[in-house]
Amino acid sequence: MVGTNLDPFSDRYAERTHGMNVSEVRALFAVASRPEVVSLAGGSPFVSALPFDAVGSMIDELVRNQGAQALQYCVGQGDLRLRELICQMMALEGISASAENVVVTVGSQQALNIVARVFIDPGDVILAEAPSYVGALSAFMASQADIVHVAMDDDGLIPAALAEAITAVRASGRTIKFLYTIPNFHNPGGVTLAEHRRDEILQICRDAGVLVLEDNPYGLLGFDSEPSRALRARDEDNVIYLGSFSKTFASGLRVGWVLAPHAIREKLVLISEAEILCPPTFSQFIVAEYLTTQPWQQQLKVFRELYRERRDAMLDALGDMFPAGCTWTVPSGGFYVWVTVPEGLDTKAMQPLAVSERVAYVPGIGFYADGNGRRNMRLSYCLPPPERIREGVRRLAGVLEQQLELVETFGPSAFQATSPGDGPRSWISGPSADQV
Ligand SMILES: Cc1ncc(COP(=O)(O)O)c(C=O)c1O
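Last residue of the sequence shown? That's 1363 in the numbering used here, and every number before it is there in order.
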């Protein structure tokens, strides 16, 4: 029999899976992970900067001394000792919280998913920055949310744009379930919500009865200043806060958390138990041991210095080599630079050429639910060392120059760039580990 691509189960899938397809971008990422390719695509932390010997001995002792607990199931809400330590950590951002209202999750990605499952009915609107984190968009869209993007500038989310979006959505008769925001060192935007906007945004949301979902995996990775006061520190009744040890310790342990008002916290635990029974005990014990026996604040400084050096390498290289007409954000922490390329170019169409020139990035379109982002790309500087970053930017600059020449010769239709957007998408492929 001749092979067929038809999926024999297609008539049995739930409606929410419609439009879920592995994108061609993923196939490209497989190529992009080859060693000869400089990847400016992924958001993987540079875990090699951890003191592996010390962490190894710590884990060894943990198993010897506490193996019977560390290798067993635990409670669905997460280990109490870790939840208390998480509260101490959040205090660095001005948050005062009780361990009772913390739920430990499998990375903050699972936290996004359980929040989505607790709040989103099909067709509900979630407000999210334009652009926004691909994994959050995937989680919300898997719950059949409609994403409405709200504009940002160099100071983060724009309060007037938020107020306008709320009014417009309400006028269309739809329900807004929450505002999803990444206030610090935005993924992918690279910007940070200015101090003077924080209270205003909270006030707008409170007045409109819109919950705020604050996602803050990078908050302790600022290069120049003390951590900003979290949104949750300013409004404990209307903000759900998400944290993670992925970027401050080890992404492979998959430990994150959600801090929520009490009533919401109960529902989150029930949904999480249905999903995973309990978060991984071993990982939780490792994190708790790390926070109590290792100089983790010192290690954070090591990470910050390292990422600052890489950020500088990327900004210098962009300034030296990127063609005129390209602009980019200047992050003061975190992992990402958001680039806008000249009119007529299309970062998605350009991607295969970039990979053939041995450099990878994430096209901007992945960070929008409405098809925008074709003139954007996210570049990350977290993983490659400075000289590789420079080489990657050099290769990418060459690709951009080639594309610009084509546009000059044949006009903007050379890439059939469709700007603004291609229209709403029912599903965002990802997040694959290369794109987080
Ligand atoms: C903004 C944001 N939220 C959530 C996550 C998920 O992180 P994890 O599940 O590893 O905690 C990421 C990962 O890159 C992220 O950038």
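Glycine included, each C-beta is placed from N, C-alpha and C at the ideal position.
Same chain, Cβ closer than 7 Å to residue i, neighbours up to 5 away in sequence not counted
i	result
Ile986	Ile1213
Thr1220	Met985
Ala1078	Ala1057, Ile1085 and Ala1088
Cut-off 6 Å between Cβ atoms - residues of its own chain near residue i, not counting five sequence neighbours on either side
i	result
Gly970	Phe1262, Ser1307 and Val1363
Ala1038	Thr1032, Leu1169, Gly1183 and Val1185
Ala1043	Ala1066, Phe1067 and Ser1070
Gln1036	Gly1062
Met928	Because the pLDDT of Met928 is 43, which lies under 50, any placement of that residue in the model is unreliable, and the number read from its coordinates should be weighed accordingly. Answer for Met928: no residue qualifies.
Val958	Val1282
Helix, strand or coil at residue i [DSSP, three-state]
i	result
Asn1303	strand
Gly1325	helix
Met947	coil
Phe936	coil
Val1286	strand
His1076	strand
Pro1347	For Pro1347, the predicted structure reports a pLDDT of 48, less than 50, and the residue's modelled location is therefore unreliable. A value from the coordinates is still provided. If DSSP states are grouped into helix, strand and coil, Pro1347 belongs with coil.
Ala1057	strand
Ile1198	helix
Phe1105	strand
Ser1171	strand
Ile1034	Here residue 1034 turns out to be Gly, not Ile, going by the sequence shown. Helix at Gly1034.
Ser1152	coil
Glu1091	helix
Ser1259	coil
Glu1027	helix
Ser1070	coil
Gly930	With a pLDDT of 49 at Gly930, under the threshold of 50, the modelled position of that residue is not reliable, and no figure is offered here.
Asp1048	coil
Reference residue i; option with closest CA among the options
i	options	result
Gly1325	Arg1133, Pro1250 and Leu1064	Pro1250
Gly1146	Met1277, Ile1131, His1113 and Ser1099	His1113
Lys1228	Pro1279, Ala957 and Ala976	Ala976
Thr1108	Gly1003, Ala1090, Ile1128 and Arg1101	Ile1128
Leu943	Ser984, Phe1067, Leu967 and Arg991	The amino acid occupying residue 943 in the given sequence is Arg; Leu does not appear at that position. Looking at the Cα atoms, Phe1067 is the closest of the given residues.
Ile1167	Val1139, Ala1190, Arg1181 and Thr1175	Val1139
Pro1115	Gly1319, Met947 and Val1264	Val1264
Asp1297	Ile1053, Ala1201, Pro935 and Gln1015	Ile1053
Arg1305	Glu1328, Trp1255 and Leu1280	Trp1255
Pair within 8 Å by beta-carbon distance, residue i and residue j
i	j	result
Arg1159	Ile1041	no
Val1431	Ile1198	The structure shown does not extend to residue 1431, since the chain is modelled only from 928 to 1363, so the question has no answer here.
Arg1124	Pro1086	yes
Lys1275	Arg1301	yes
Ala1057	Tyr1295	yes
Leu1106	Gly1260	no
Asp1364	Ala1121	The shown model of the chain, from 928 to 1363, leaves out residue 1364, and the question about it has no answer.
Cys1309	Pro972	yes
Ala1287	Leu1012	no
Asn1165	Asn1143	no
Asp1134	Arg1161	no
Gly1246	Leu967	no
Own chain, CB closer than 8 Å to residue i, minus 5 neighbours either side, in chain order
i	result
Thr1208	Gln996, Ala997, Leu998, Gln999, Tyr1000, Cys1001 and Asp1006
Problem set entry | Cβ pair count under 8 Å reaching 3, the region 1233-1251 against the region 1026-1045 | no
Exercise. Given 8 Å as the limit, is there contact between the region 1173-1188 and the region 1010-1025, that is, 3 or more CB pairs closer than that?
Worked result: They touch, by the three-pair rule.
Exercise. Is the region 1265-1273 in contact with the region 1325-1340, if contact means three or more CB pairs nearer than 8 Å?
Worked result: For the pair of segments examined, the region 1265-1273 was found to touch the region 1325-1340: the number of CB pairs separated by less than 8 Å reaches three.
Problem set entry | Touch test, the region 1215-1234 against the region 1062-1074, Cβ-Cβ under 8 Å, three pairs minimum | no
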